[in-house]
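Chains as they are written, first to last, in my numbering: chain F, 2 to 274; chain X, 16 to 406. Built from N, CA and C at the ideal position, the CB exists for glycine as well. These notes concern the structure reproduced below.
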């Protein structure tokens with residue numbers, strides 16, 4: 002199980018594009034809680050402008066990987082490199098400045114419940130920019146309008162619906178015009194139409210803001226609709242077993258675990274005997 | 016023409032000198048705005064709308080052309096400005112021509128103006144007149160008391176079910192609540208009551224010494240602690256400790272919809288959650304108060320010994336003569352009622368909690384306040400009853 006640091010484990014299906022403009026690189030990353038290894042020797046690259054999907058079954062460590070990428074939890078081993086700078090080798094100030102270019106939409110929005118939507122979005126703007134109050138208010142109104150929540154500035158998170166909370170969370174995530182946007186299970190808890198709208202919004206924001214987008218999800222519809230690159234974390238192998246465009250993986254990858262996932266179990270992981 | 020790419024807000028440098036805004040009124044009906052350079056985050060970014068308003072009259076204006084051919088970089092602050100400009104144009108029925116903007120910027124403006132702002136009735140938070148405020152507070156206090164009595168009724172119903180052996184709760188919950196609010200509370204209850212006993216003895220000794228009646232410090236400490244200070248101090252400590260904890264526990268369960276889950280499964284939360292807590296506290300309070308009384312008297316005895324040089328034997332003899340069994344029982348009866356108040360205020364506020372994180376904190380605070388207010392007022396009622404009965 003312990004792979005030598007020099008020999009990289011190659012995924013069984015590797016359709017990852019090469020020679021792009023790497024924005025986030027993960028190299029030889031191992032995540033473990035004590036002796037319990039969740040995933041080992043993860044290697045993948047998110048290219049600039051990608052919509053990159055981190056997929057895998059429940060319990061495969063997707064959310065833990067997200068925490069490593071977001072600087073919330075140091076990995077057991079390995080590196081996370083943002084535009085050439087290693088996140089976990091940097092000192093605290095440098096890590097903060099790297100992470101300031103990153104926006105995150107948490108699973109349930111994670112809005113601060115004691116603040117109105119306007120205050121939620123204005124807080125990062127007030128902390129990290131020297132804009133005038135009028136400019137901040139305009140930006141807040143713009144971001145809320147972009148996610149379709151114009152007019153809800155004075156509402157508290159508890160006064161709006163789950164789908165609206167998620168969109169408000171997105172407005173906060175894009176408050177600082179981030180270069181990289183992370184989404185944790187964006188369609189969880191949304192009806193199909195709202196989920197689809199959120200997917201469209203993600204595509205539009207990628208095109209207009211020019212951001213790189215990383216999505217953690219197991220929602221197949223979204224995976225095929227928006228993803229152009231991915232990594233598949235397998236529970237059994239405890240490492241990635243596929244990389245690349247999910248639609249091409251569906252066509253070309255013949256690994257049973259990947260096929261089973263991408264076809265919602267229509268093609269069983271273990272061939273029938 | 017290479018289209019300028021958006022720049023990240025946080026990394027943007029100060030506004031360079033080549034960022035310029037030129038507004039030209041061509042004739043009565045048309046106006047051009049030329050933006051050049053880097054339009055990125057800066058508090059010095061020119062205000063486009065204000066610049067347009069410098070060229071009145073707006074009413075005659077029919078067309079605004081935005082010339083962005085010299086634009087080198089932009090971010091959402093420019094979009095926010097242009098969104099305001101577009102709103103201005105819509106208000107005055109002016110056509111806005113933005114064809115030279117980069118595609119991304121145009122899309123963002125369209126996206127931002129696609130959904131009209133929701134028309135929302137702002138809840139007026141006007142100031143209430145004095146009489147209205149008094150009325151609102153009185154009805155709130157009345158409702159709070161009614162809630163408490165209703166809750167007491169529900170608890171008694173649950174207790175009735177328990178007596179007929181039909182209540183559903185887990186014994187392990189009961190024992191856990193007993194452990195946390197009995198033995199685990201001993202150190203803090205002991206410390207506070209020891210100090211209170213000392214304080215009572217200390218204050219009393221100063222007065223009694225003047226009459227040479229030092230020995231009566233035993234009466235003072237004994238009756239004071241057993242009838243009043245022991246039950247009350249213990250109840251107040253538990254109101255802070257237990258009541259707040261119950262409110263936070265049940266409030267969190269309310270937030271997670273755990274209480275709704277009990278209801279839908281046909282398990283009355285009153286039986287499953289409140290009943291074990293009531294039983295545990297009713298069982299534990301008298302024991303805790305008995306312990307508090309003993310420790311409090313001991314605190315008084317220490318002061319009597321060190322300050323008044325009364326021997327412990329003498330103190331004990333005097334105490335036994337002064338404090339009757341009725342005093343002890345009166346204190347313990349009172350403490351049982353305090354125990355019920357503590358549980359009810361905690362559980363009531365927890366069950367009433369709204370579904371948000373701040374509501375849990377509010378429930379805990381409210382539980383402690385409710386608990387202490389009811390404890391003190393009940394204590395006053397008990398004082399009147401005991402005196403009337405001549406106890």
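| Item | Value |
| --- | --- |
| Please look up how many angstroms separate the CB atoms of residue 62/F and residue 39/F, rounded, as I've assumed it's under 8 Å. | 4 Å |
| What are the boundary residues of the beta strand (DSSP E) that includes residue 23/F? | 23 to 34 |
| Put residue 366/X into one of helix, strand or coil per three-state DSSP. | helix |
| At 9 Å on the CB atoms, spell out the chain F contacts of residue 122/X, in chain order. | 205, 208 and 209 |
| Apply the 10 Å Cβ neighbour rule to residue 57/F and answer buried if 16 or more other Cβ atoms are within range, or exposed otherwise. | buried |
| Going along chain C in order, which residues have a C-beta closer than 8 Å to the C-beta of residue 132/X? | Here chain C cannot be found, since the structure's protein chains are F and X. |
| Count the other CB atoms within 10 Å of the CB of residue 284/X; is the residue buried (16 or more) or exposed (fewer)? | buried |
| Reducing DSSP to helix, strand and coil, say where residue 246/F ends up. | coil |
| What's the gap between the Cα of residue 116/F and the Cα of residue 323/X? | 59 Å |
| Kindly indicate if chain F contains any beta-carbon less than 8 Å away from that of residue 128/X. | yes |
| Could you spell out where the beta strand (DSSP E) holding residue 232/F opens and where it closes? | 230 to 234 |
| By Cβ distance, which residues of its chain are closer than 8 Å to residue 139/X, with the 5 residues on each side in sequence left out? | For residue 139/X, the predicted model reports a pLDDT of 49, less than 50, meaning its position is unreliable; a value from the coordinates is still stated below. So no residue of the chain qualifies. |
| Suppose the cutoff is 6 Å on Cβ atoms and the five residues either side in sequence are ignored; what does the same chain contact list for residue 30/F look like? | 43, 76 and 79 |
| Counting only runs that start and end within the stretch 174 to 241 of chain F, where is the beta strand (DSSP E) found for 3 or more residues in a row? | 181 to 185, 213 to 217 and 230 to 234 |
| Buried or exposed, going by whether 16 or more other CB atoms sit within 10 Å of the CB of residue 76/X? | buried |
| Would you say residue 256/F and residue 242/F are within 8 Å of each other, going by their C-beta atoms? | yes |
| Closer than 8 Å, CB to CB, is residue 53/X near chain F or not? | no |
| Taking contact to mean 3 or more Cβ pairs, one atom from each stretch, closer than 8 Å, check whether the stretch 376 to 390 of chain X and the stretch 222 to 240 of chain X are in contact. | no |
| Considering only residues of the same chain and omitting the five flanking positions on each side of residue 200/F, which have a CB-CB separation below 6 Å? | 223, 226 and 227 |
| Residues of chain F with CB closer than 7 Å to the CB of residue 371/X, please, in chain order. | 114 and 159 |
| What is the C-beta distance between residue 378/X and residue 266/X, in whole angstroms, given that I count them as a contact (C-beta under 8 Å)? | 4 Å |
| At 9 Å on the CB atoms, spell out the chain F contacts of residue 119/X, in chain order. | 208, 209, 210 and 211 |
| Spatial neighbours of residue 262/X within its chain, please: C-beta separation below 6 Å, excluding the five flanking residues on both sides. | 361, 364, 365, 378, 379 and 382 |
| Which chain X residues sit within Cβ distance under 7 Å of residue 133/F? | 58 |
| Among the residues of its own chain, which have a CB less than 8 Å from the CB of residue 64/F, if the five just before and after it don't count? | 185 and 217 |
| Quick one: complete alpha helix (DSSP H) runs, 4+ long, within the stretch 84 to 170 of chain F? | 93 to 100, 118 to 129 and 134 to 147 |
| Select from the stretch 76 to 92 of chain X all residues with a C-beta closer than 8 Å to any C-beta belonging to chain F, and list them in chain order. | 90, 91 and 92 |
| Would you mind sorting residue 331/X into buried or exposed? The rule is 16 or more other CB atoms within 10 Å of its CB. | exposed |
| Using the beta-carbon count (16 or more within 10 Å), is residue 83/X buried or exposed? | buried |
| So, does the CB of residue 408/X fall closer than 8 Å to a CB anywhere in chain F? | Nothing about residue 408/X can be read from this structure; chain X reaches only from 16 to 406. |
| Might you give, ordered along the chain, the residues of its own chain that have their beta carbon closer than 6 Å to the beta carbon of residue 123/F, omitting 5 neighbours on each side? | 137 and 141 |
| Per DSSP, which residues does residue 53/F bridge with? Please list them. | 215/F and 230/F |
| For the structure I just gave you, are there three or more beta carbon pairs, one from the stretch 304 to 324 of chain X and one from the stretch 341 to 354 of chain X, closer than 8 Å? | yes |
| Taking only the alpha-carbon atoms, compute the straight-line gap between residue 258/X and residue 357/X and give it to the nearest angstrom. | 6 Å |
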